[in-house]
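Read in order, the letters of the sequence shown are residues 1 to 514 in UniProt numbering. Beta carbons: idealized from backbone N, C-alpha and C, even for Gly. Notes follow the structure.
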Amino acid sequence: MNLSFLSTLGMDALKSNGVFASVASANGHAQGEGEVFSVASPINGETVAQLRNASTEQLEQVVADASEAFRVLRTIPAPKRGELVRRIGNLAREYKEALAAVITLESGKITQEALGEVQEWIDVCDFAVGLSRQLHGLSIVSERPGHRMMEQWQPLGPVAVISAFNFPMAVWSWNAMLAFVCGDPIVWKPSEKTPLCALACQMIVDKALATMPEMPKALSQVIIGGRDLGQAICEDKRFPLVSATGSTAMGRSVAQTVGARLGRSLLELGGNNAMIVSPTADLDLAQRAIVFSAVGTAGQRCTTLRRLIAHESIVEDLVARLLKSYPSLRIGDPSVQGTLIGPLIDESSFNRMQHALAAARAQGGEVIYGGERIEQNVPAGGFYVRPAIVRIAHDAPVVHEETFAPILYVLTYSSVEEAIEINNEVPQGLSSAIFTESMREAELFMSAAGSDCGIANVNIGTSGAEIGGAFGGEKETGGGRESGSDAWKNYMRRTTNTINYGGELPLAQGIVFE
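Dropping the structure here:
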């Protein structure tokens, strides 16, 4: 495979004797001290990198460096911190194609999706730069004469980010760019499946830091390792916040470990996203949204459409449309122009998909399209699959589980109230949508009696969230919010201040001390 884009990003400097660094910052880089592991590209299964797991002793130095960086960063004015983020965003623009190529190599995303992910990073940089001049609190009227109250938001401390393979740059950027302007250093443990993406991001940050020597070099660090490293991060009291993206099981472990030391956790976990299609819906519009949301990123988005809740009067028409659309989807090498669906990340992901399809059949479902592995006209060694469509009852146990693969369960309903109940009956609560021309149905869906998800869309699919809105979900999705709106408050601590500018000192509860 042609990996020249790694050289374009300067990543050759991170490699020694064929092994990439597992600890990296503008202070320098080092190989891990643990076992060697290989990184395979999902495109063809070929090994593209070797690394050593970082040790907990190396983590100790990383956290110490981050703590020292915080002492400096918190005193630098927020607009100056925003200037660093502006420069990071400009460098991401300059190296956009090379960064996208690393995403495609390691995660198997098609080129256009990979470019879109880098663009998310660029967009959140723009958002964070503006935010750096708007970290505002409140001025509050005091009940005491000659007094004023106000709220201030102060930098929180070193923030740990634990990310998944499916958005190997965007999720980090949602956290890191906001954390930087808020005055917090970042220590990033990426997925072991996509370490080169993390190292590429670090190279961009390093380039920006080289132009601003007043910034602490350890404000951004990458450390790569296994579950034991993640556990050590969660246990470390020097991280007031751990932001973790991944499975519900992983998030539950993070929450329990961080909570045991009364730290904060920001969790972005599983989604079992549904779309309601009403009898009044524009089916042409709905069809496009269904296909994109269900098969994009080979079904490996947390916002992937997994449950299609169609009204009984239009379900047959809608299914017929999908059975016509699905065979035309081009599946293959994600780096080839025109490909719409790339590979699953690895064999274990394929096996989980097959297990779910077998369970669906055992629970009364019918696989009406796809589900099988494709081995013709695709790169050998990758796990390419035909997206599956399954007719099944809404209360089948498998429907209530998230399978990180392109499986679309088709369910039916008779009233909008029933459809909303079906939408809400699963333990996950990330993204949801309704296609309808009825204002009553749309407003009901978005009301307190409607969707219980963190994202509720009308006449738009479940995936493709904009960075300007806070991203996240409820229930087993974890309750975290990242990126836009007031998500920046996660990365700061709030202080309430009272100022006495008068000549008296009234005491609380009217108590008088002589």
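Outcome for residue i when other beta-carbon atoms lying within 10 angstroms are tallied against a minimum of 16
i	result
Q300	buried
S163	buried
K475	buried
H394	buried
M439	exposed
A508	exposed
G503	exposed
residue 515	Past the boundaries of the shown model lies residue 515; the chain is included only from 1 to 514, so the question cannot be answered.
G180	The question names Gly, but residue 180 is Phe in the sequence shown. Result: buried.
R133	exposed
K189	buried
T47	exposed
T280	exposed
M1	exposed
Residue interval of the beta strand (DSSP E) (run including residue i)
i	result
S247	Note, S247: premise wrong, no beta strand (DSSP E); not H, not E.
M492	M492 to N500
K80	Where K80 is concerned, there is no enclosing beta strand (DSSP E), although the alpha helix (DSSP H) it sits in stretches over A78 to E94.
L267	R264 to E268
Q221	S220 to I223
I139	Residue identity differs from the one stated: residue 139 is Ser in this sequence, not Ile. Element bounds for S139: S139 to V141.
A26	Run containing A26: none; DSSP gives neither H nor E here.
Limits of the alpha helix (DSSP H) - the one that residue i falls within
i	result
A198	P195 to A210
N457	No alpha helix (DSSP H) holds N457; the beta strand (DSSP E) holding it covers I455 to V458.
I389	Looking at the DSSP string, I389 is not in any alpha helix (DSSP H); the run it does join, the beta strand (DSSP E), is A388 to R391.
F350	E347 to A362
A286	L283 to V295
R440	M439 to M446
I434	Per DSSP, I434 belongs to no alpha helix (DSSP H); it is in the beta strand (DSSP E), S431 to F435.
F127	T111 to L131
I341	Counting along the chain, I341 falls outside any alpha helix (DSSP H), and DSSP gives it neither H nor E.
V36	It is not in any alpha helix (DSSP H) - V36 instead sits in the beta strand (DSSP E) that spans V36 to A40.
I233	R227 to E235
E375	Segment: none, E375 is in no alpha helix (DSSP H) and carries neither H nor E.
V315	V315 to S325
Same chain, Cβ closer than 6 Å to residue i, five either side skipped, listed in chain order
i	result
A274	R307, I309, N423 and S432
A286	V277 and F435
L138	E151
N457	A433
M212	L84
A26	D206, L209 and K217
V129	G82, V85 and R86
L444	G450
D65	A218
R144	P506
G429	D452, C453, G473, E474, K475 and T477
I455	S431
S414	E312
For residue i, the three-state DSSP class (helix, strand or coil)
i	result
E504	coil
M1	coil
V367	strand
V416	helix
T477	coil
L70	Here residue 70 turns out to be Phe, not Leu, going by the sequence shown. Looking at F70 - three-state DSSP - the assignment turns out to be helix.
M169	coil
T47	strand
S7	helix
R301	coil
Q134	coil
I309	strand
H400	helix
M215	coil
A13	helix
E425	coil
I103	helix
Residues near residue i by beta carbon distance below 7 Å, same chain, minus five either side
i	result
R74	P155 and G183
P240	L156, G157, G263 and R264
C234	V242, V254, T257 and V258
G365	V390, R391, I392 and A396
A200	L9, M11, L99 and V102
Residue i: CB within 8 Å of a non-hydrogen atom of the ligand ZN
i	result
A114	In the structure on display, the ligand ZN does not appear, and there are no ligands present to speak of.
Neighbourhood of residue i by C-beta distance below 8 Å, restricted to the same chain and skipping five residues each side
i	result
K109	I103, E117, T297, P334 and G342
L357	V367, G371, A388, V390 and I407
L329	V291, V295, L340, I341 and P387
R481	L266, G454, A470, F471, G472, A487 and N490
A232	T56 and L59
The region 26-42 contacting the region 168-176, beta-carbon criterion three pairs below 8 Å: no
The region 286-295 / the region 458-477 touching (three or more Cβ pairs under 8 Å): yes
Touching by the beta-carbon criterion (3+ pairs, under 8 Å), the region 119-138 and the region 487-496: yes
The region 337-355 contacting the region 368-387, beta-carbon criterion three pairs below 8 Å: yes
Cβ contact check for the region 90-105 and the region 189-205: 3 or more pairs under 8 Å: yes
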